[in-house]
């Protein structure tokens, strides 16, 4: 089977609340070599690791992260009660600084940091980069900025020549010319969206990462098609399929 790596989507979120320190620790304990997580900005523009801008799903609190200050974060638990009950209560929403500190103890882990569009729209691209980049400058592990927002990736590359990954729109068709203009190191695509195309992974200066890969039957065909990163919610189940995992 061609070489590829599994990416732990928001950490090991099958059995842990997503985008939290317990989820990241579990992914590392399982042997994940790649992890993806999301970044939003709270009210005072502190970068926090969180997918939804509304806290209802993860925290059972009907407000947005934009209304929560850094000091208020400690009063809110991101334990996903609707999915996991109270097993992980309390679990704080981590700051990006806390997550960077965790991964600094695992410098071989490759990390994909998604800049969320909701925070970009709320605070601007410049504000997002100004908040996130100083925290990532502390990292001792390889990291890559990814986003659906094309312009923030272009701006990030101009600022610091960092590695970037464009997350293609959820609905095809996709614009290959735009991808070629940006020339990111990575192209991310949703598996369900890929199935709406002819399945071709364009050749280019990028490596392909396919997310939503949770069925073992999809692994070999995607790897054969040229996907080098497979992002999954089922890390424990799929990780044994990764080349070299049994070594």
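Residue numbers (my numbering): 2 to 248. The beta-carbon is built from N, C-alpha and C at its ideal position, and this holds for glycine as well. Predicted, not measured: the structure shown is a model, and the values here were computed from it.
query, result
"DSSP has residue 144 in a bridge; who is on the other side?", "112"
"Which residue marks the beginning of the beta strand (DSSP E) containing residue 233, and which one marks its end?", "228–233"
"Which class does residue 44 belong to by DSSP, given the choice of helix, strand or coil?", "coil"
"What residues match up with residue 10 in a beta bridge as DSSP calls it?", "37"
"Identify every residue that forms a DSSP beta bridge with residue 93.", "78"
"Tell me the rounded alpha-carbon separation between residue 111 and residue 143.", "5 angstroms"
"Name the one or two DSSP bridge partners that residue 189 has.", "168, 210"
"Just the C-alpha distance for residue 68 and residue 146, rounded to the nearest angstrom, thanks.", "25 angstroms"
"Can you give me the C-alpha to C-alpha distance between residue 132 and residue 175, rounded to a whole angstrom?", "30 angstroms"
"Rounded to whole angstroms, what is the Cα-Cα separation between residue 23 and residue 233?", "17 angstroms"
"Could you check where the alpha helix (DSSP H) with residue 106 kicks off and where it finishes?", "From DSSP, residue 106 is part of no alpha helix (DSSP H); its letter is neither H nor E."
"Looking only at its own chain, which residues have a Cβ that is under 7 angstroms from the Cβ of residue 57, when we skip the five neighbours before and after it?", "63"
"How many angstroms separate the CA atom of residue 35 from the CA atom of residue 61?", "29 angstroms"
"For residue 159, count the other beta carbons within 10 Å of its own beta carbon; 16 or more makes it buried, fewer makes it exposed. Which is it?", "exposed"
"Below 8 angstroms between beta carbons: does that hold for residue 189 and residue 100?", "no"
"In the DSSP assignment, what residue or residues form a beta bridge with residue 50?", "40"
"Helix, strand or coil: which one does DSSP assign to residue 72?", "helix"
"Three or more beta-carbon pairs under 8 angstroms between the segment 192–204 and the segment 153–168, yes or no?", "no"
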